[in-house]
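Below you'll find the structure, written out as structure tokens, and then a few comments.
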Amino acid sequence: MPENPVSLDDKDKKILEILQKDGRATLKEIGKEVSLSIDSVHKRLKKLLENKVMRIGAFIDPKALGYELVASVSIKLHNVSEEQYNSFIQYLAHHRNTIEVISTLGKHDIVCVFIAKTTDELEKIYRSVRHEFKAMIADWESVINLKVHKFEEYSL
Numbered sequence: 003m004p005e006n007p008v009s010l011d012d013k014d015k016k017i018l019e020i021l022q023k024d025g026r027a028t029l030k031e032i033g034k035e036v037s038l039s040i041d042s043v044h045k046r047l048k049k050l051l052e053n054k055v056m057r058i059g060a061f062i063d064p065k066a067l068g069y070e071l072v073a074s075v076s077i078k079l080h081n082v083s084e085e086q087y088n089s090f091i092q093y094l095a096h097h098r099n100t101i102e103v104i105s106t107l108g109k110h111d112i113v114c115v116f117i118a119k120t121t122d123e124l125e126k127i128y129r130s131v132r133h134e135f136k137a138m139i140a141d142w143e144s145v146i147n148l149k150v151h152k153f154e155e156y157s158l
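For what it's worth, our numbering labels the leading residue of the sequence shown as 3, then goes sequentially.
What follows is the structure in structure tokens.
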């Protein structure tokens with residue numbers, strides 16, 4: 003948890019809810035919905051961005067680009083220095099087929115999500131990562147993700 007969590011009033015929460023439903027909502031539309039001027043909405047959005055409460059980006063469907071396989075891999079590490087851990091995270095984060103890397107607590111240390119167009123490509127990804135870091139990887143469990151039912155929509 004951040005040292006000083008950001009305090010949101012009801013209008014900030016409503017703005018975030020609107021944007022979660024429609025990330026392309028205009029300042030005018032948002033302002034009308036929350037009873038604020040366009041300028042006030044703009045200032046609030048700027049503050050939310052500066053405080054890293056929200057980010058702006060596009061959600062891309064890997065399958066629409068031909069990546070039929072989305073695999074979540076849970077990785078347990080052993081005998082790893084902080085430097086080696088950071089190196090592994092950077093390797094995964096910069097791998098062209100990685101769409102998510104998450105540090106975790108529990109049975110595994112890292113969850114990584116890979117995309118691949120074919121099972122052969124996914125196997126090559128697995129083999130290359132496991133070969134490159136074989137001394138560090140104690141356990142590796144993967145699942146193929148079939149369908150996303152919810153993605154980053156929070157009730158405020």
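Yeah, the Cβ is synthetic: ideal placement off N, Cα and C, and Gly gets one too.
Keep in mind the model is a prediction, meaning the values are calculated, not measured.
7 Å CB neighbourhood of residue i in its chain, flanking five on each side removed
{"i": "Ala140", "result": "Lys78, Leu79 and His80"}
{"i": "Ala95", "result": "Val103"}
{"i": "Lys109", "result": "Lys78"}
{"i": "Arg127", "result": "Reading the sequence as shown, one finds Ile at residue 127 and not Arg. The residues are Asn99, Phe116 and Ala118."}
Residue i, DSSP secondary structure in three states
{"i": "Ala95", "result": "helix"}
{"i": "Lys30", "result": "helix"}
{"i": "Asp11", "result": "coil"}
Short Cβ contact (8 Å threshold) for residue i with residue j
{"i": "Lys119", "j": "Glu70", "result": "yes"}
{"i": "Val55", "j": "Val8", "result": "yes"}
{"i": "Ile101", "j": "Ile117", "result": "yes"}
{"i": "Tyr93", "j": "Glu134", "result": "yes"}
{"i": "Lys15", "j": "Leu38", "result": "no"}
{"i": "Ser76", "j": "Glu143", "result": "yes"}
{"i": "Ile40", "j": "Lys48", "result": "no"}
Status (buried if at least 16 other CB within 10 Å, exposed otherwise) for residue i
{"i": "Val131", "result": "buried"}
{"i": "Asn147", "result": "exposed"}
{"i": "Val72", "result": "buried"}
{"i": "Leu67", "result": "exposed"}
{"i": "Ile2", "result": "Outside the shown range of the chain (3 to 158) lies residue 2, about which nothing can therefore be said."}
{"i": "Lys152", "result": "exposed"}
{"i": "Phe61", "result": "exposed"}
{"i": "Arg46", "result": "buried"}
Cutoff 8 Å; reference residue i; Cβ partners in own chain excluding five residues on either side
{"i": "Arg57", "result": "Leu51"}
{"i": "Thr106", "result": "Ser76, Ile112 and Val113"}
{"i": "Val36", "result": "Lys13, Lys16, Ile17, Ile20 and Val43"}
{"i": "Ile91", "result": "Val103, Ser105 and Ile112"}
Residues near residue i by beta carbon distance below 6 Å, same chain, minus five either side
{"i": "Asp11", "result": "none"}
{"i": "Val145", "result": "Ser74"}
{"i": "Asn53", "result": "Val8"}
{"i": "Val82", "result": "Met138"}
Quiz prompt | Entirely enclosed beta strand (DSSP E) segments - the stretch 87-146, minimum 3 residues | solution = 100-105, 112-118 and 139-146
Practice problem: Counting only runs of 4+ residues fully inside the stretch 16-85, write out the alpha helix (DSSP H) ranges in chain order. | Solution: 29-36 and 40-52
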